[in-house]
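First to last, the protein sequences are chains Z and R.
So for the first sequence, this note's numbering puts the first residue at 1; every next one is plus one.
So for the second sequence, this note's numbering puts the first residue at 311; every next one is plus one.
From the three backbone atoms N, C-alpha and C, an ideal C-beta is built for every residue, glycine too.
Notes to accompany the following structure.
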Amino acid sequence: MSGAETGGDLGLWTVLLAVIGGAIRVSTPFLFVSLGETITERSGRINLGLEGTLVFGAMSAYATAVVTGSPWAGVLVAGLAGGVFGLLHGTICRFPGVNDVAVGIALMLFGSGLAFFLGKPFIQPSAPPLPAIPFGFWSDLPQVQAALRVNVLFLAGAALAPFLWWAFRNTKAGLVVRVAGDSADAARAMGYDVDRVRLYATGLGGVLAGVGGAYLSLYYPGSWNEGISSGQGLMAVALVIFARWNPLACFGAALLFGGAGALGPALQSVGVTQGYYLFYAAPYVLTLILLVATSSPDRALAGAPGELAK
Amino acid sequence: MVADTAPHTAPQAASRGSEPANPPAALQVRAWLARRSEAVAIPLAAVAAGFLLFSLFLLALGKSPLGFLDIVWRGGFGSPFALQNSLQRAAPLLFAALCVALPARLGLVVIGGEGAIVLGGVAAAAASQPLAGAPPLLAIPLMALAAAAAGAVWIGAVGALRAYRGVNETIASLLMSYIAIALSNHLIEGLLRDPQSLNKPSTRPIGEAFAVGPMPGMDVHWGLGIGILACLAAYLLTERTTIGFAARIAGGNVRAARIQGLPVGRLVTTFTALGGACAALAGFFEVAAVHSNANASLVAGFGYTGILVAFLARQNPLAILPVAFLLGGIEASSGLIQRRMQLPDATVLVLEGILFLAVLLSETLYGRFRVFSPHLWAGKRAAAGVPATVQA
């Protein structure tokens with residue numbers, strides 16, 4: 001009860017809480033896409049098409065959840081569909097003379113186009129959402145409760161980040177991916193088919209991006225429409241550069257980006273409508289600033305896979 | 311030379327060798343034709359393969375591919391009205407494609423044309439306000455200049471960041487595009503808003519006097535003519551000037567260009583700024599010739615289709631002309647496709663995505679067909695398939 005009374009004059013706290021809650025809520029797709037892209041880029045290839053994969057994942061998850069009634073079936077289908085897109089990218093890039101960045105752009109347009117095409121009948125019906133765990137049960141404040149409703153997928157992503165960090169260092173698969181990304185010649189000398197390693201790494205990246213899309217349509221914002229992703233997939237790719245291809249840093253960066261994305265709606269919720277569109281642009285501006293700050297004129301960045309710096 | 315190598319080579323070459331009167335000039339023309347026909351045949355084959363794949367997609371949905379082609383023909387090319395509609399849609403695509411093709415000369419992949427188009431439209435609409443009452447012949451070019459300047463600064467900044475900070479231009483340009491659209495929305499809904507536009511926020515109309523009219527003899531606005539001129543100018547710039555030559559060297563090998571003392575940073579900034587100015591001109595014509603004010607309709611996806619046009623044209627400014635016409639026609643028939651075939655508007659996006667992938671995949675075919683080898687047609691034995699050691 002006291003929360004409802006104090007919430008009014010503590011506008012700043014409301015905004016702060018909403019930003020923290022928003023960081024948790026908005027960051028999940030960033031987290032999944034950036035972890036996926038980290039795997040792909042560590043293998044020595046760039047997949048810019050994850051934006052399209054994210055949109056297609058959102059559509060396929062929503063459609064599956066509507067038809068089957070199970071959001072988890074939606075997550076599964078989104079992951080599979082994302083994997084197919086990743087494998088498509090990896091297959092096309094196997095051919096000599098084909099530019100992986102351009103293929104990514106084509107898949108970005110193709111994935112969104114196909115999602116809009118197949119998703120037309122699913123804009124109206126509503127799908128069952130993914131479950132969330134109310135970690136804010138201890139508080140009387142509705143704002144705290146809202147901020148601490150944490151989705152299961154966020155927890156899965158939060159667990160995946162340290163796992164990938166560990167796996168890159170301590171597993172054979174992680175080592176093979178890193179060698180393929182740092183020196184294709186070395187990987188060949190070790191007897192590995194570099195194209196195949198990259199194919200699987202891109203496929204796995206696609207799976208994660210698809211799951212990130214499922215989160216968009218099945219939890220937050222929790223509906224399917226053609227404007228569901230406005231560049232989150234691409235910002236996540238930029239985020240990988242900022243995170244220096246380190247899965248743990250991806251987690252922190254995703255939270256930061258989520259917070260920036262939540263700033264506009266949070267300010268709007270307390271009645272600040274002036275400059276709404278400028279706050280809406282905050283995540284893009286932040287991404288650009290971080291990209292500029294972390295880039296360096298002499299191309300090779302610390303931590304960058306050797307094959308990407310060529 | 312030609313005559314005495316001929317008997318050792320393939321029968322085809324031997325028959326050529328029996329005409330020793332062929333002057334070397336004619337052989338050179340044939341070699342040139344062979345090389346050029348590769349650059350035409352492979353993209354055409356890729357487009358055909360893309361259409362074939364799309365036909366399978368339609369068949370899977372139980373729709374007729376031939377019916378689809380028929381509708382595209384009627385909606386985009388089959389009548390004077392359809393043709394004018396296609397040309398009208400091709401106009402912004404010409405400019406948007408140049409925003410990709412010009413930086414591509416330097417090996418850059420810039421995909422933020424959409425934002426430059428929107429920003430250019432808003433800049434043109436904003437410039438029209440203080441110019442009210444000025445003679446149109448002065449005011450219209452000034453509006454175009456304001457648009458071009460906005461686009462040049464926006465995309466030029468992406469180039470400068472690439473050249474001097476090493477920022478990935480593909481990601482940066484798309485981020486700048488989103489920022490440009492947000493900034494334009496902010497201006498259209500705030501500072502520049504016409505109080506009379508209630509349901510659809512717009513800037514104040516530019517006024518009858520400043521409207522850009524149709525070109526003589528047709529119902530297509532001047533954006534098409536200027537767009538064609540821009541493509542021709544871009545071709546001359548990249549193929550016939552020292553600046554264009556320097557850009558191509560820098561695009562091929564940055565380190566070599568630096569060693570040669572070429573101003574790589576300035577070249578990158580100039581070409582991206584020119585590309586941005588072109589894209590912004592598309593926005594100018596959308597405002598001055600189509601909408602008469604700047605509003606959310608400016609975000610129409612021309613920038614993204616422009617990327618496809620540039621890649622289909624393999625970044626050649628002259629090839630942009632027919633490709634933009636083709637895609638303009640396909641997009642013009644979108645309405646008819648929706649009504650006649652009960653397909654969603656995204657059908658064209660699916661087709662475009664498939665075409666894009668097919669053309670990129672076809673990049674791997676260059677140099678693989680002997681028919682296109684200039685050496686074969688110039689009569690040199692090396693490329694005729696027989697190793698020199700065997701001949702010796």
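- R/Ala437 is positioned such that its CB atom lies closer than 7 Å to that of R/Met453.
- At a cut-off of 7 Å between beta-carbon atoms, Z/Phe95 makes contact with chain R.
- Contact check for Z/Pro121 and Z/Gly69: beta-carbon distance about 16 Å, past the 8 Å limit, so the pair fails to qualify.
- According to the DSSP assignment, Z/Ile133 belongs to the beta strand (DSSP E) that extends over Ala132 to Pro134.
- Minimum Cα-Cα distance from Z/Arg149 among the listed residues Z/Ser295, Z/Ala18 and Z/Tyr284 corresponds to Z/Ala18.
- DSSP, reduced to helix, strand and coil, places R/Arg384 within a helical segment of the structure shown.
- In the three-state reduction of the DSSP assignment, R/Thr513 falls in the strand class.
- If you check each beta-carbon in the segment 474 to 494 of chain R against every beta-carbon of chain Z, the ones closer than 8 Å belong to Tyr474, Arg475, Gly476, Val477, Asn478, Thr480, Ile481, Ala482, Leu484, Leu485, Met486, Tyr488, Ile489, Ala492 and Leu493.
- Rounded to the nearest angstrom, the gap between the Cα atoms of R/Asn395 and R/Val660 is 21 Å.
- The straight-line gap separating the alpha-carbon atoms of R/Ala351 and R/Val633 is approximately 14 Å.
- Here the segment 672 to 686 of chain R does not lie against the segment 127 to 144 of chain Z, with fewer than 3 beta-carbon pairs under 8 Å apart.
- The Cβ atoms of Z/Gly74 and Z/Leu204 do not sit closer than 7 Å to each other.
- C-alpha of R/Val609 to C-alpha of Z/Asp193: approximately 44 Å in a straight line.
- Nearest neighbour of R/Phe378 by Cα position, chosen from R/Ser644, R/Leu418 and R/Leu502, turns out to be R/Ser644.
- A distance below 7 Å between beta-carbons, with the five flanking residues on each side excluded, links Z/Gly174 to the following residues of its chain, in chain order: Ala167 and Phe168.
- In this structure, the straight-line span from the alpha carbon of Z/Leu155 to that of Z/Leu35 is close to 14 Å.
- One alpha carbon belongs to R/Leu622, the other to R/Phe666, and they sit about 7 Å apart.
- The shortest C-alpha to C-alpha distance from Z/Tyr200 to any of Z/Thr64, Z/Ile92, Z/Ala243 and Z/Ala58 is the one to Z/Ile92.
- Proximity of Z/Tyr62 to chain R, defined by a Cβ-Cβ separation below 7 Å, is not satisfied.
- Within chain Z, the residues placing a beta-carbon under 9 Å from that of R/Ala656 are Ser112, Gly113, Leu114, Ala115, Phe116, Phe117, Leu118, Gly119, Lys120 and Glu226, ordered along the chain.
- Considering only beta carbons, the part of the segment 396 to 420 of chain R lying closer than 7 Å to chain Z consists of Val419, in chain order.
- At the C-beta level, Z/Ser229 and Z/Leu50 stay beyond 7 Å of one another.
- Secondary-structure assignment with DSSP links Z/Val150 through a beta bridge to Z/Ile133.
- DSSP, reduced to helix, strand and coil, places R/Arg475 within a helical segment of the structure shown.
- Against chain R, a Cβ distance below 8 Å from Z/Ser230 picks out Tyr488.
- Burial state of Z/Ser296 is exposed, judged by a 10 Å Cβ sphere holding fewer than 16 other Cβ atoms.
- With 16 or more other Cβ atoms from the protein chains shown falling within 10 Å of its own Cβ, Z/Arg198 counts as buried.
- If you draw a straight line from the Cα of Z/Ile105 to the Cα of Z/Gly119, it comes to about 21 Å.
- Below the 8 Å Cβ cutoff, chain Z contributes Phe110, Gly113, Leu114 and Phe117 as neighbours of R/Val660, in chain order.
- Ile617, Leu618 and Phe621: these are the residues of the segment 617 to 629 of chain R whose beta carbon lies less than 9 Å from some beta carbon of chain Z, given in chain order.
- At least one CB of chain R lies nearer than 7 Å to the CB of Z/Val98.
- Contact annotation, Z/Gly44 with Z/Pro247: C-beta distance approximately 17 Å; criterion of less than 8 Å not satisfied.
- Within the model, the alpha-carbon separation for R/Leu485 versus R/Ile617 is close to 16 Å.
- Here the alpha carbons of R/Ile538 and R/Ala400 stand approximately 10 Å from one another.
- Proximity of Z/Ala282 to chain R, defined by a Cβ-Cβ separation below 7 Å, is not satisfied.
- Secondary structure of R/Asn605 (DSSP, three-state): strand.
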